[in-house]
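Structure first, then comments.
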Amino acid sequence: MRILVVGNGGREHAIAWKLSQSPLVDKVYCVPGNGGTRLEHKCENVSLLKIEEILCFAKENKIDITVVGPEAPLVEGITDLFKAEGLKIFGPSKQGAMLEGSKAFAKDFMKKYNVKTAAYEVFETAAEAMRYLTECSYPAVIKADGLAAGKGVVICSSFEEAKQCIESFMIDDIFKGAGKKIVIEEYLEGVEASILTVTDGKTIIPLLSAKDHKTIYEDNKGPNTGGMGVVSPNPYCSEEVLEAFKRDIMIPTIEGILSEGIDYTGVIFFGIMITKKGVYNLEYNVRMGDPETQAVLPLMESDFIELILKALDKKLDEYNIKWKNKHACTVVAASGGYPADYKTGFIIKGLDTVQEKVFIAGAKYDGNELVTSGGRVLVVTSLGDSLQEARVKAYNEIKKISFEGIYYRKDIGQ
Ligand code: AMP
Ligand code: GLY
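Quick note on numbering that gives the first Met the number 0: the sequence shown kicks off at 0 and runs consecutively.
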């Protein structure tokens with residue numbers, strides 16, 4: 000089989016790596032891919048960006064299945080376009096992708112189908128939002144409706160902070176349209192978990208739980224990033240938590256998708272909050288997590304393309320995913336300065352001495368040298384019989400890698 004993987008991050012490197020291990024897969028084209036996918040077994044990078052160009056490439060090169068990494072092409076409608084041309088693609092339709100593409104759509108969907116979530120209100124004018132903010136309780140959580148590159152959620156501890164947030168989202172329009180509509184919701188206190196699931200639109204199967212570490216500094220300090228490290232399974236996801244997640248969130252979600260007649264084959268990634276009052280769904284993502292994928296896929300014993308094929312054939316109810324009886328620890332190495340401004344173009348050294356799996360995120364080849372090209376540069380993932388063993392291995396190996404300004408958190412999984 001010939002596979003196309005859309006995207007250029009560490010997540011897509013992990014997807015391409017896992018798919019390339021399948022005896023069913025002959026070739027994996029990565030569009031555009033990165034410095035890691037370029038050297039992966041069976042993989043080849045193709046530097047295309049526009050959806051129409053990717054579609055032409057898929058047709059001309061007789062691609063059997065396309066797997067979409069990031070949310071943006073899904074929200075743009077890549078799945079509808081590919082399906083209209085008779086091509087198989089793993090990812091939800093444009094309508095399904097609204098679960099991530101519009102927070103107001105997602106919250107209204109959750110309310111309609113009794114998916115447990117924080118209480119909320121939607122506002123389309125700054126004046127109405129301000130009026131609400133004078134009477135609501137704090138902290139209050141303000142969310143831009145549309146895609147805002149992970150920067151669209153602000154937890155405001157006072158009216159003053161909330162007012163500033165509304166001004167920048169709705170009046171100054173810092174997200175170029177994506178913050179013109181907002182959601183204000185109840186603040187929930189607890190611990191977060193990432194649960195990726197695979198669905199064919201009828202059956203939904205959870206993958207192993209994961210715990211992201213969002214802030215740039217140790218101890219949950221500093222601004223949020225795309226994620227600085229992951230452990231899987233998530234130590235807070237007890238059987239009881241997983242049962243509550245399935246009952247109060249996952250099952251009502253798939254029932255809603257069925258009732259609405261939404262065409263959905265792909266991943267639903269639930270960002271949940273485990274609180275004293277129960278388990279709440281904070282958000283849906285319509286793609287795999289980054290860096291969650293780099294921890295979860297190495298734990299998967301099953302052939303990932305078999306799982307995808309079952310989903311595309313709407314036969315997920317026949318499939319049982321097998322997992323390694325191990326723990327994974329994934330540590331992200333970032334450019335100095337990330338998530339604010341950072342410099343790129345620094346040579347990455349020491350990779351040849353690393354004994355654990357390295358997934359490349361923001362790095363590319365400049366001649367024969369691999370150089371940094373993004374904020375999150377690479378991850379090291381280690382597996383162990385215990386979380387502690389996985390952690391020790393990941394940190395021993397990441398120490399061997401260097402580039403100017405390299406930064407990583409020291410407390411992933413602690
Ligand atoms: P979201 O994009 O909705 O997941 O929000 C990004 C981050 O904001 C989450 O990972 C949480 O850390 C935080 N967050 C979102 N909603 C809430 C909430 N209702 N209460 C507390 N924290 C939240
Ligand atoms: N790591 C969080 C995300 O992928 O959204």
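All C-beta atoms in this analysis are idealised placements derived from N, C-alpha and C, irrespective of residue type, glycine included.
Bear in mind the structure is a predicted one, so any value in this text is a computation, not a measurement.
Looking at the backbone, the Cα of A294 and that of T329 are separated by about 6 Å.
In this structure, R1 is the residue among R1, N60, V45 and N44 with its C-alpha nearest to the C-alpha of V24. Counting along the chain, K106 sits inside the alpha helix (DSSP H) bounded by residues K102 to K111. K162: member of the alpha helix (DSSP H) spanning F158 to I165, first to last residue. For D351, the Cβ stays outside the 7 Å cut-off from all heavy atoms of ligand 2.
Taking a contact as a CB-CB distance under 8 Å, the pair L98 and Y279 does not count as one, their CB atoms being some 16 Å apart. Close CB contacts of L3 within its chain, under the 6 Å cut and outside five residues either way in sequence, are with Y28, A57, I62 and T65 (chain order). The bridge partners DSSP lists for Y216 are K220. Not one heavy atom of ligand 2 is found less than 7 Å from the C-beta of E11. Of all alpha-carbon atoms in L369, D171, Y341 and L86, the one lying nearest the alpha-carbon of T36 is that of L369. In this structure, the CA atom of I170 is about 49 Å from the CA atom of S301.
Under a 10 Å Cβ-count criterion, P222 is classified as exposed, with fewer than 16 other Cβ atoms of the shown protein chains found around its own Cβ.
With a cutoff of 8 Å on beta-carbon distance, A327 and L382 are scored as near each other. The criterion of a C-beta distance shorter than 8 Å is not satisfied by E120 and Y112.
Contact between L311 and T264 is confirmed by a C-beta separation of about 6 Å, below the 8 Å threshold. At least one heavy atom of ligand 1 sits closer than 7 Å to the Cβ of I154. Nearest Cα to K309 within the set F89, K348 and S334: F89. For G226, the closest alpha carbon among the candidates D172, P338 and G178 is that of P338. Remark: the shortest separation between the CB of E300 and any heavy atom of ligand 1 does not fall under 7 Å.
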